[in-house]
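Encoded as structure tokens, the structure appears first; notes follow it.
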Amino acid sequence: MAEPGSNRAPETGAFFQRDRQWHPPAFTPNYKSSVLRSPQKALLSFDNTLSERTGPVFGHAMLGELDNDLIHNFARPGESAIGERIIVHGRVLDERGKGVPGVLLEFWQANAGGRYRHKKDGYLAPLDPNFGGCGRTITGEDGGYAFRTVRPGPYPWPNGPNDWRPAHIHFSVFGHGFAQRLITQMYFEGDPLIWRCPIVGGISNKEAIEALIAALDMQSTIPMDAIAYRFDIVLRGRRSTLFENRPEGN
Amino acid sequence: MAQSLDRLKESPSQTAGPYVHIGLTPNFCGIGGVYASDLGSTMLNGETKGDRIELRIRVLDGTGTPLKDALIEIWQADANGLYNSPAEMRGAADPNFQGWGRQPTDMETGVCRFQTIKPGRVPFRDGRLMAPHITLWIVARGINIGLHTRLYFADEEKANAEDPILARIEHRLRVPTLIAERQGDSYVFDVHLQGEKETVFFDS
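Here is the structure:
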């Protein structure tokens, strides 16, 4: 069924195969948590059925006014989160270069000191009473999105004896088909910790790592308010259904 | 040189990490007041058609220990086998059933519960019917790229026997790794990340 009010014909084709050499493999021993959590047997490969081509729709009506403003969405009235104020913006595209509208983006991050609001985080940096650390938005017609937050701090984590995560924002990306489902992390241009991180290092291709590094975007900053970073996200593309209209035997 | 295909590469995956709850189920981890409720936490209302079932899913690591920091999403057809999706061209799905759910594993027990309905059968590309199934997507600390698999139902023996995806599994002793056992109105499903009983994961 087409989306109500939309004049776009829904796309129904199978998604391009995932390039498993481009993604990090399941087993990346320098990231110790992966050792006992990585499947070891071959994956079962098959072209998408309807179960993978379809996916739920998320409408803009579900969004609250401050959902895309992490500086204020957990803050007491009249107060705001502490830290370097930033705007993160960009587009969600598919592998064909088309903007993808209606994508649910959910993001979460540590505060400016590198501390998460989570009972499992025992880092000595303090919590910010005005910062929760989560936000969400839905892409517009051209696949564009933007949100406002504070730049998260880097933090130490128990992996090697002295491992530090680069500053990062987690992104959950929900496209049109369940096969497009993706979680990734955004890093910041110029952060020297990126190239020392065992989680980032699970990606073997330098270009692939660079695809996760947001660029400083001075043209989009708001003077005397917030600096901007641009981060584009790419989801799997869909094949055309021109030659797939009829199931065999019909 | 030939012409450029002018394609982009998919953004590489990164682990959801140990704090995935902050972003995807903030109310569950004590961050209240940002969203009214956690997205995907309720799949049914009073009008939803179909047989009510509960899924009880655990994810076990290579030592057999349940993960207590994982997050599972499910995606399924309605009771008539229709997806509530713009890419569903066969008809209109039950408007009281979105078909998508999201739950964290319990931080003490590792059990993840979904209250949903038994899905109907959905056709494979050649028109044959697949057995009733629910698509699973699992993320957690230590999982570098979300794991995709399916849950089938033990009491659908005949349908399972003719399911075209189950039929593709070369080592037949691995087929049961995708089949949930019935216990009353619940289906119990253990996902094994490694070992002899490693679940069949998909690349689709």
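Top to bottom, those sequences are chains C and E.
Using my numbering, read the first sequence as starting at 471 and increasing by one per residue.
Using my numbering, read the second sequence as starting at 255 and increasing by one per residue.
Built from N, CA and C at the ideal position, the CB exists for glycine as well.
Only a predicted model underlies this, so the values are computations on that prediction, with no experimental measurement involved.
For the C-beta of Pro624 of chain C, not a single chain E residue is nearer than 9 Å; the gap to the nearest is close to 14 Å. Cβ proximity to chain E below 9 Å picks out Trp492, His493, Pro494, Pro495, Ala496, Phe497, Thr498, Tyr501, Lys502, Ser503, Ser504, Val505, Leu506, Arg507 and Ser508 from the segment 491-508 of chain C.
For Arg422 of chain E, the chain C residues whose C-beta falls within less than 7 Å of its own C-beta are Leu514 and Phe516, listed in chain order. The way I'd put it, the segment 359-373 of chain E does touch the segment 381-401 of chain E; three or more beta-carbon pairs between them come closer than 8 Å. At a cut-off of 9 Å, the C-beta of Ala678 of chain C has a neighbouring C-beta in chain E. In the displayed model, Ala413 of chain E falls within a helix according to three-state DSSP. By the C-beta density criterion, Gln655 of chain C is buried, having at least 16 other C-beta atoms within 10 angstroms.
The distance from the Cβ of Arg708 of chain C to that of Asp687 of chain C is about 29 Å, inconsistent with a contact at the 8 Å cut-off. At a beta-carbon threshold of 8 Å, the residues of chain E lying near Tyr586 of chain C are Tyr273 and Ile276, ordered along the chain. Counted as a single uninterrupted DSSP element, the stretch harbouring Val445 of chain E is not any alpha helix (DSSP H) but the beta strand (DSSP E) occupying residues Ser440 to His446. The beta-bridge partner set that DSSP reports for Trp492 of chain C is empty. Here Ser521 of chain C carries a helix assignment [DSSP, helix/strand/coil]. Using a Cβ-Cβ cut-off of 9 Å, Ser710 of chain C is close to nothing in chain E; its nearest Cβ partner there is about 14 Å away. For the segment 687-698 of chain C, the set of positions with a beta-carbon nearer than 8 Å to some beta-carbon of chain E is empty. The residue among E:Asp305, E:Tyr273 and E:Gly286 with its C-alpha nearest the C-alpha of Tyr441 of chain E is E:Asp305.
For the pair Gln448 of chain E and Leu506 of chain C, the Cα-to-Cα distance works out to about 7 Å. With respect to His638 of chain C, Ala270 of chain E sits apart: the two C-beta atoms are not nearer than 9 Å. In this structure, DSSP gives Glu308 of chain E an extended state, which the three-state scheme calls strand.
The way I'd put it, the segment 314-329 of chain E does touch the segment 388-403 of chain E; three or more beta-carbon pairs between them come closer than 8 Å. Nearest CB-CB separation between Leu383 of chain E and chain C: not below the 9 Å threshold. Listed by position along chain C, the residues whose Cβ is nearer than 8 Å to that of Ile433 of chain E form an empty set, because the closest Cβ is around 15 Å away. Sorting C:Val643, C:Pro631 and C:Asn629 by C-alpha distance to the C-alpha of Arg706 of chain C places C:Val643 at the top.
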